[in-house]
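Chemist: Have a look at this one before I ask anything.
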Amino acid sequence: MRILVTGGAGFIGSNFIRHMLSARQDCRILNLDALTYAGNLENLSDVSQDPRYEFVRGDIADPEDVGRCFSGSLDAVINFAAESHVDRSIEDSAAFIRTNVTGVQVLLEAARKQGVKRFVQVSTDEVYGSLGPQGRFRETTALAPNSPYAASKAAADLLVRSYHITHQMDVVTTRCSNNYGPYQFPEKLIPLMILNAVESRPLPVYGDGLYTRDWIHVEDHCRALELVLEKGRAGAVYNIGGDREEQNLQVVRRILQAVGRSEELIQYVQDRPGHDRRYAIDASLIRSELSWRPRVPFEEGLQQTVRWYQSHSQWVQGVRSGDYVNYYRRMYEKRGETLSALKKPATAQGTAGQGSRQG
Ligand code: NAD
Ligand code: TYD
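Per our numbering, the sequence shown starts with residue 286, numbered consecutively.
As structure tokens, this is what we get:
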């Protein structure tokens, strides 16, 4: 089986590549990634010498780059490549439209022309919008994205759907809840809070901290994607979730406990505009059709993840070099974090506060 994985140098893509190479002897993988701030070849250093793995640097929104990857025969394409952070999409949505919408159109067109057997679009539960205190997202829930990130992913889902209806392409879309685990870029809640706690810096909780996410370990997501790739029904959408709802404050408290730090580090900061109150996934379709279920209990997965970040300081240093410090200052100073102890490296470009909006 020869697969094109796009965005394989990011968090979930790199975990998926590692998972597939270890689970499937017959698997050959071509990884197409633009290596944006979120893409990091260090995430794959342990498999980079595997003869079944190959990396190509390129942009999914560029038909030439994509064309180079479709020259050999491909059994499947699985698209992870995306701009993936809600807060960045609020600052500037342009890259989100280019990668998450145009990029998907370019990939679909190439896959159609080359007669690729299967196209898997890795989407998100955020396309459904926000839930009140009750209920869970089903695959039939109406799309109601609230952030530019979610809107761009919803647009892609509709494009994928249209290629199935119009061109009879074999496509499958997955909508997963919030992932956590090793190699996640520390702009997302769990790795950011772990690193801040380890360094005794403030933990910036948005709003009242009572926002709810349905957490899933990345390895459980990868096992689901392997099943979908092989056995998913053409044209289907599958929700994937960890069946584990937690409020942000609960997650932050667990992290502080795991790291052995006081709750005094919690700092309430300005809320995210358009912040979705609650996500919860009904994953009964993939459970019944593909016999998948999440295996990693949240407490255990979180402990492992805390230990992973504590024991990978070189990786952490690598991803926080470059623009990360500027990003952190820009994002959190405007939110009112007062004690930011992250120092700006002498080599960093730009000024703190650059690009900030009101607030
Ligand atoms: P990530 O930000 O860690 O990685 C994205 C990867 O895509 C990076 O390696 C980046 O270099 C690459 N990329 C960005 N623009 C590109 C372009 N134009 N061409 C080629 N490569 C490009 O994201 P992630 O958290 O690993 O998410 C992967 C996918 O899963 C995304 O599509 C996201 O929407 C989806 N998803 C993520 C979560 C989550 O909790 N992280 C949950 C559900 C769905
Ligand atoms: P995030 O990891 O950005 O994922 P998403 O917005 O895609 O769900 O955020 C998860 C939750 O944590 C969300 O409710 C926003 C909140 N959050 C904070 O309270 N503080 C932070 O510094 C970050 C990054 C997120």
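Just so it is clear, CB atoms sit at the ideal spot from N, CA and C, and this is done for glycine as well. All values derive from a computational prediction rather than experimental measurement.
Just to check, is the beta-carbon of ASP239 closer than 7 Å to a non-hydrogen atom of the ligand TYD?
Modeler: Lying outside 286 to 644, the shown extent of the chain, residue 239 is not represented and no answer is given.
Chemist: I need the boundaries of the alpha helix (DSSP H) containing LEU315, first residue and last residue.
Modeler: For the purposes of this step, residue 315 is identified with residue 30 of the sequence shown, where counting begins at 1. Per DSSP, LEU315 belongs to no alpha helix (DSSP H); it is in the beta strand (DSSP E), 313–318.
Chemist: In angstroms with no decimal places, state the Cα-to-Cα distance between GLY545 and ASN481.
Modeler: Translated into the one-based positions of the sequence shown, residue 545 becomes position 260. Translated into the one-based positions of the sequence shown, residue 481 becomes position 196. Their Cα atoms are separated by approximately 12 Å.
Chemist: Below 8 Å on the Cβ atoms is my guess for VAL445 versus ALA521; work out the distance and round it to an integer in Å.
Modeler: Position 160 of the sequence shown, counting from 1, holds the residue named residue 445. Position 236 of the sequence shown, counting from 1, holds the residue named residue 521. Actually they do not touch by this definition, with Cβ atoms about 11 Å apart.
Chemist: Taking the alpha-carbon positions, what's the ARG508 to VAL405 distance?
Modeler: Counted from its first residue, the sequence shown places residue 508 at position 223. Counted from its first residue, the sequence shown places residue 405 at position 120. Roughly 14 Å between the two C-alpha positions.
Chemist: Compute the minimum distance between the beta carbon of GLU424 and the heavy atoms of the ligand NAD, and state whether it is under 7 Å.
Modeler: Here the question's residue 424 lines up with position 139 in the sequence shown. Because no heavy atom of the ligand NAD lies under 7 Å away, the Cβ of GLU424 does not count as near it: no.
Chemist: If you reduce the DSSP assignment to three classes, tell me which class ILE345 lands in.
Modeler: As a working note, residue 345 is residue 60 in the sequence shown. Three-state result, ILE345: coil.
Chemist: Could you please give the first and the last residue of the uninterrupted alpha helix (DSSP H) stretch that includes ILE525?
Modeler: On the sequence shown, residue 525 is found 240 positions in, with the first residue counted as 1. Taken as a continuous stretch (DSSP letters only), ILE525 belongs to no alpha helix (DSSP H), being part of the beta strand (DSSP E) at 522–525.
Chemist: Please state if the CB of GLY526 and the CB of ASN431 are separated by a distance shorter than 8 Å.
Modeler: Taking the first residue of the sequence shown as position 1, residue 431 is located at position 146. Taking the first residue of the sequence shown as position 1, residue 526 is located at position 241. Cβ distance not < 8 Å, so ASN431 and GLY526 don't count as in contact.
Chemist: Does the ligand NAD have a heavy atom nearer than 7 Å to the CB of GLU368?
Modeler: On the sequence shown, residue 368 is found 83 positions in, with the first residue counted as 1. True, at least one ligand heavy atom lies under 7 Å from that Cβ.
Chemist: Terminal residues of the continuous beta strand (DSSP E) containing LEU289?
Modeler: In the sequence shown, counting from the first residue as 1, residue 289 sits at position 4. 287–291 is the extent of the beta strand (DSSP E) around LEU289.
Chemist: State buried or exposed for GLY640, treating a residue as buried only when at least 16 other CB atoms are found within 10 Å of its CB.
Modeler: To locate residue 640, count along the sequence shown from 1; it is residue 355. Any answer about GLY640 is weak, because its pLDDT of 25 lies below 50 and its placement is not dependable; what the coordinates show is given next. Answer is exposed; the Cβ neighbour count stays below 16.
Chemist: Taking DSSP as the reference, what is the three-state secondary structure of PRO489?
Modeler: Against the sequence shown, residue 489 aligns to sequence position 204. PRO489: strand per DSSP, three-state reduction.
Chemist: Let me confirm a value: ASP311 is counted as buried when at least 16 other C-beta atoms fall within 10 Å, else exposed. Which label applies?
Modeler: For this step, residue 311 is matched to residue 26 along the sequence shown. With fewer than 16 other Cβ atoms within 10 Å, it is exposed.
Chemist: Below 8 Å, how does it come out for the segment 432–439 and the segment 368–375: are there three or more Cβ pairs, yes or no?
Modeler: Verdict: yes, contact present.
Chemist: Between which residues of its own chain and ASP335 is the CB-CB distance below 7 Å, once the five residues before and five after are set aside?
Modeler: Residue mapping note: residue 335 aligns to position 50 of the sequence shown, counting from 1. Hits under 7 Å: LEU306.
Chemist: What do you get for ALA626, buried or exposed, if any count of 16 or more other CB atoms within 10 angstroms of its CB means buried?
Modeler: Walking along the sequence shown from the start, residue 626 turns up at place 341. Residue placement at ALA626 is poorly supported in this model, since its pLDDT is 48, which falls under 50; the coordinates are not used for a value here.
Chemist: Taking a contact to mean a Cβ-Cβ separation below 8 Å, would you say ASN464 touches HIS506 in this structure?
Modeler: For this step, residue 464 is matched to residue 179 along the sequence shown. For this step, residue 506 is matched to residue 221 along the sequence shown. In contact: ASN464 and HIS506 (Cβ atoms closer than 8 Å).
Chemist: Is the beta carbon of LEU488 sitting closer than 8 Å to the one on VAL537?
Modeler: In the sequence shown, the residue the question calls residue 488 occupies position 203. In the sequence shown, the residue the question calls residue 537 occupies position 252. Yes.
Chemist: What runs of the beta strand (DSSP E), each 3 residues or longer, lie entirely inside the segment 333–400?
Modeler: 338–342 and 361–364, all fully within the segment 333–400.
Chemist: Among ILE566, ASP350 and SER485, whose alpha-carbon lies nearest the alpha-carbon of THR425?
Modeler: Reading the sequence shown from its first residue, position 140 is the one you call residue 425. Looking at the Cα atoms, ILE566 is the closest of the given residues.
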